[in-house]
Amino acid sequence: MSPYSGDAYVALDDSDVSRITQAQLPVIFQRQGGDAPEFLPKLGAKLSANAMNVCVAFDGSAGATCSCRIYEGRPSACRQFEAGSHGCREARRRLGISA
Ligand code: SF4
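Heads up, our numbering is the position in the sequence shown plus 56, with the first residue counted as 1.
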């Protein structure tokens, strides 16, 4: 059974799409709302061992030992997300992980 859930996870820009495709990870073109629908590329998601939707490049468990399989080639959105930032602490709080 494929670990890939078919859902999208993180938004990609054009340069991300070519790196992610070369890494043989799924790129999803997810329809956005509006009168003129747009299809934006995103990196796919998978179900973790504890049935959470996580990025396909994520290994391990949130709040425990974990890593990004494509860290050097990770998407621009991931590069802009700073560990310890307000957004990071909010995400940890939502997952029940100490900030
Ligand atoms: S840093 Fe890596 S594991 Fe985390 S969302 Fe980005 S690509 Fe996925």
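Yeah, the Cβ is synthetic: ideal placement off N, Cα and C, and Gly gets one too. Owing to the predicted nature of the structure, the values given are computational and were not obtained by experimental measurement.
Near ligand 1: residue i beta-carbon under 8 angstroms from a heavy atom
| i | result |
| --- | --- |
| ILE148 | Here the sequence assigns Arg to residue 148, which means Ile is not the residue at that position. Checking the Cβ of ARG148 against ligand 1 gives no. |
| VAL73 | no |
| VAL83 | no |
| ALA155 | no |
Test item: CB-CB of residue i and residue j under 9 angstroms
| i | j | result |
| --- | --- | --- |
| LYS102 | VAL110 | yes |
| GLY129 | ILE76 | yes |
| SER154 | GLY119 | yes |
| VAL66 | ALA147 | no |
| ALA113 | LEU81 | yes |
Buried or exposed by the 16-neighbour rule on C-beta atoms within 10 Å, applied to residue i
| i | result |
| --- | --- |
| SER74 | exposed |
| ASP69 | exposed |
| ASP72 | buried |
| ALA64 | buried |
| PRO143 | Reading off the sequence shown, one finds Gly at residue 143, where the question assumed Pro. Exposed. |
| PRO131 | buried |
| GLY100 | buried |
heavy atom of ligand 2 below 8 angstroms from residue i C-beta
| i | result |
| --- | --- |
| PRO131 | As presented, the structure is devoid of ligand 2, carrying ligand 1 as its sole ligands. |
- Below 8 angstroms, can you find three or more Cβ-Cβ pairs linking the region 96 to 113 to the region 135 to 148? Touching, no, given that fewer than three Cβ pairs across the two stretches are closer than 8 angstroms.
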